[in-house]
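Q: Chains A and B, in that order, give the protein sequences. Residues in the first sequence are numbered consecutively from 1, following our numbering. Residues in the second sequence are numbered consecutively from 1001, following our numbering. Quick reminder that beta carbons are idealized off the backbone N, C-alpha and C, glycines included. Note that the structure is predicted; figures quoted are calculated from it, not measured.
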Amino acid sequence: MSVKTFKCERIAAGKASGPALVSNEAVCFYLVEPETGIIVEQNHTLAGRSMDGTVLVAHAGKGSSVVQMDGLFKLAMKHKNPLAVILRNPDPVFVSALLVMEIPSVFNAEEAFYGCVKDGDLITVDADNGIISLKSLQ
Amino acid sequence: MKLTDEQRGMLNGEYGEAASYAMKIQEGVGRVFRANRMVPITRAHVALSAQDADVWFVEKLVGMGGKCKIAPTVNPSIDVPYLNRYLAEVPQEGKEIVSRTNEAYRKIGAALTFNCTPYLQQNVPAFKEIISFSESSATPYVNSVIGARTNRESSQSALCAAITGFVPEYGLLLEENRKAEILVDVKAKIRDDFDYQLLGWCYPLVYNGPEVPAFAGIEERPTPEGFMNFGAELNTSGAVGMYHIIGITPEAPDIKTAFCGKEPRKNIVIEQKDIEMVRKRICGEPGKIDFAMFGCPHLSIRQVGDIARVCKGRRFAVDVWILTSSLTKELAARMGFLDIISRAGGHIVADTCIDVPPCWWPYYGKNAVTDSPKCAYYNEIRKISFKIRPLEQAIEAAIIGEVRI
């Protein structure tokens, strides 16, 4: 099992580890079931998968100025939120939701990270020091 | 990000706990988007939603002693007494969250307008004014139609700005990020307010990117309501914080100015067949309806007058709900529209949103008509099936209880 590290920048402070949940399309927290953390959005590539306890690797966010925060809040109240988030294309609505909910999170990860990361890889996000470490399953 | 002494003092708690907390969130946003500094705002609009996260956040700020430096206008919630009297008892959970939300926003010093079209009344910015507006239909209107400057804020980041009186300077606050990059040649016939609903829904289906688009080929200036519909649908089907209409909106007198002399990154054509594709996909087949709902976004006095003209001396066959601001309702009363609509059996309800559960529960699973694709979309989760028609056609449908064409 090899461990690789990648540079990144902090969004919200903190450090957390978990299996990677990789979303190559935009994520809307409103369309996630709060009781289970399962993505219920029809036609989403991650439909049926759970965010609970994962490190979410999100391509981008989507949704109105209200729904992103409301969805993430409901997940956090039920303790089904992702433990950390790696966001590829930050937008103000997603970023402010992460800051308000204080979810350890980063952006601007080295491009090589995206070529490397696979669903289920064990990831540690250290937002304070701007480091992602990835333990590949292969 | 470089902060002034005052801003640094806020961050360090010299202006109280709430200002420090709000500043920390804004400092984080500024850091991510590479803002160099924070600049003062003169207006804010908060997309109050009366949902769990909304009430939690505003109560947290109130608990810290928070007070808005810039009183923000706020989005609608529910007129509980009116719906209790004329629709059905609002569930206890709904009553509680509405009263907690209203109280917290009152304590924090918001202007309790409960209206989602602040750009038409009560919070109208000027050209180049730096502001902080959330609400997906408001952001494009103030940026594009008026030429004021705001990013696509979340309701939380807009409330933080209202508390501190500052926003990080990045994105659409900077001249260079407001120029068009996508040229959209509109070959379809866009004439009335309803055509803008369809065009607004259509564009993100044809091209979905973060760049600012400029629409060419529109000769006649849209009405305020046409612009309102356009922005609302651009931000339901997609996320467009700003657009230009060549020869019409203030930062696009001609193509050269809109694109800052550069070539478009991409050229797009929207033809009549694209508009017809949208109509076919979202507007629904003719058929019986159980009720009618209008006001997403809140209707203007001109639209309320249009409804009164169609229903004067007639009776609605189904429940009709017309959602607007309290000011427009008062104006409708003065102008006689409220009497005409009431005699026809319709309701004008103030301060209320089509999307705030659970007050509309008697209609879950029913069929209805509206003029708004946004209203139809956000009610899908409540299994309400909306047919979408131009306003006057939809009113005719409510009179006979059926959408015939």
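Can you give the Cα-Cα distance for B/Ala1050 and B/Ser1155, rounded to whole angstroms?
A: Cα to Cα, the separation comes out at about 11 Å.
Q: Quick check: is the beta carbon of B/Thr1101 nearer than 9 Å to any beta carbon in chain A?
A: No, no contact with chain A.
Q: Quick check on the DSSP output: the beta strand (DSSP E) that includes A/Gly18 runs from which residue to which?
A: A/Gly18 -> beta strand (DSSP E) spans Lys15 to Ser23.
Q: Just grab the DSSP bridge partners of B/Arg1149 for me.
A: Answer is B/Ile1130.
Q: Look up B/Lys1273 in the DSSP assignment and say whether it is helix, strand or coil.
A: Looking at B/Lys1273 - three-state DSSP - the assignment turns out to be helix.
Q: Would you call B/Met1293 buried or exposed, if buried means 16 or more other Cβ atoms sit within 10 Å of its Cβ?
A: With 16 or more Cβ atoms within 10 Å of its Cβ, B/Met1293 is classed as buried.
Q: Applying the criterion that 16 or more other CB atoms from any shown protein chain within 10 Å of the CB defines a buried residue, is B/Phe1194 buried or exposed?
A: B/Phe1194 should be labelled buried.
Q: Could you tell me the distance, in whole angstroms, from the CA atom of B/Phe1133 to the CA atom of B/His1045?
A: Using only the alpha carbons, I get a separation of about 5 Å.
Q: Is the Cβ-Cβ distance between A/Val55 and A/Val100 less than 9 Å?
A: Cβ distance not < 9 Å, so A/Val55 and A/Val100 don't count as in contact.
Q: Do the CB positions of B/Val1124 and B/Thr1249 come within less than 9 Å of each other?
A: No, Cβ-Cβ distance for B/Val1124 and B/Thr1249 is not below 9 Å.
Q: Just to confirm the assignment: which complete alpha helix (DSSP H) runs, minimum length 4, are found wholly within the segment 3 to 78 of chain A?
A: For the segment 3 to 78 of chain A, whole alpha helix (DSSP H) runs of length 4 or above, ordered along the chain, are 67 to 77.
Q: For B/Ser1342 and A/Val40, I'd like the C-alpha separation in whole angstroms.
A: Cα to Cα, the separation comes out at about 41 Å.
Q: I want to verify the contact list: residues of chain B whose CB lies under 8 Å from the CB of A/Ser65, in sequence order.
A: The answer, in chain order, is Ala1047, Ser1134, Glu1135, Ser1136, Thr1139, Arg1152, Glu1153, Ser1154, Ser1155 and Ala1158.
Q: I need the DSSP call for B/Phe1230, collapsed to helix, strand or coil.
A: B/Phe1230 falls in the helix class under three-state DSSP.
Q: For B/Lys1280 and B/Arg1315, I'd like the C-alpha separation in whole angstroms.
A: Going from the Cα of B/Lys1280 to the Cα of B/Arg1315 covers about 30 Å.
Q: Consult DSSP for B/Thr1073 and reduce its assignment to one of helix, strand or coil.
A: Strand, per DSSP.
Q: Using a C-beta to C-beta distance shorter than 8 Å, which residues of chain A count as neighbours of B/Val1403?
A: Under the 8 Å cutoff, chain A gives no residues; its nearest Cβ is about 26 Å from B/Val1403.
Q: Give the straight-line distance between the Cα atoms of B/Ser1326 and B/Gly1305, rounded to the nearest whole angstrom.
A: Using only the alpha carbons, I get a separation of about 15 Å.
Q: Are the beta-carbon atoms of B/Trp1321 and B/Ala1088 separated by less than 9 Å?
A: Not in contact: B/Trp1321 and B/Ala1088 (Cβ atoms no closer than 9 Å).
Q: Among B/Gly1171, B/Asp1052, B/Arg1100 and B/Gly1200, which has the Cα closest to the Cα of B/Pro1373?
A: Ranking the options by Cα distance to B/Pro1373, first place goes to B/Gly1200.
Q: Cβ of B/Leu1173 within 9 Å of Cβ of B/Thr1150?
A: A contact, by the Cβ cut-off of 9 Å.
Q: Quick one: measure Cβ to Cβ for A/Leu46 and A/Ser23, integer angstroms, because I've assumed they're closer than 8 Å.
A: At roughly 5 Å, the Cβ-Cβ gap stays under 8 Å, so A/Leu46 and A/Ser23 are in contact.
Q: Helix, strand or coil: which one does DSSP assign to B/Leu1120?
A: Coil, per DSSP.
Q: Per DSSP, B/Phe1291 forms a beta bridge with which residues?
A: According to DSSP, which records beta bridges pairwise, B/Phe1291 is partnered with B/Asp1319 and B/Ala1368.
Q: In the segment 1349 to 1396 of chain B, which residue ranges form an unbroken beta strand (DSSP E) of at least 3 residues, counting only runs that do not cross its ends?
A: Within the segment 1349 to 1396 of chain B, the complete beta strand (DSSP E) runs of at least 3 residues are 1367 to 1370 and 1385 to 1388.
Q: Since B/Ala1110 is in the beta strand (DSSP E), which residue starts that stretch and which ends it?
A: No beta strand (DSSP E) holds B/Ala1110; DSSP gives it neither H nor E.
Q: With 8 Å as the limit, tell me which residues of the segment 1262 to 1289 of chain B have their beta carbon closer than that to any beta carbon of chain A; keep them in chain order.
A: Within the segment 1262 to 1289 of chain B, no residue has a Cβ that lies closer than 8 Å to any Cβ of chain A.
Q: Measuring CB to CB, does B/Leu1011 end up less than 9 Å from B/Lys1024?
A: Yes.
Q: Can you tell me whether B/Ala1368 is buried or exposed, with buried defined as 16 or more other CB within 10 angstroms of its CB?
A: With 16 or more other Cβ atoms within 10 Å, it is buried.
Q: Below 8 Å, can you find three or more Cβ-Cβ pairs linking the segment 1178 to 1188 of chain B to the segment 1258 to 1265 of chain B?
A: As far as the Cβ criterion goes, the segment 1178 to 1188 of chain B touches the segment 1258 to 1265 of chain B, which means the pair count is three or higher.
Q: Mapping the DSSP letters down to three states, classify B/Met1038 as helix, strand or coil.
A: Note: B/Met1038 maps to strand in three-state DSSP.
Q: List the DSSP bridge partners of B/Asn1102.
A: Answer by DSSP bridge pairing: none, since B/Asn1102 is not bridged.
Q: Could you name the residues of the same chain whose beta carbon sits closer than 6 Å to that of B/Ala1047, not counting the 5 residues immediately before and after it, in chain order?
A: Around B/Ala1047: Asn1075, Ser1134, Glu1135 and Ser1155.
Q: With DSSP as the reference, label B/Phe1033 as helix, strand or coil.
A: Residue state, collapsed to three classes: coil.
Q: Which partner residues of B/His1347 appear in the DSSP bridge assignment?
A: DSSP lists B/Trp1321 as partners of B/His1347.
Q: Counting pairs of beta carbons, one from the segment 3 to 11 of chain A and one from the segment 105 to 125 of chain A, are three or more of them closer than 8 Å?
A: These segments touch.
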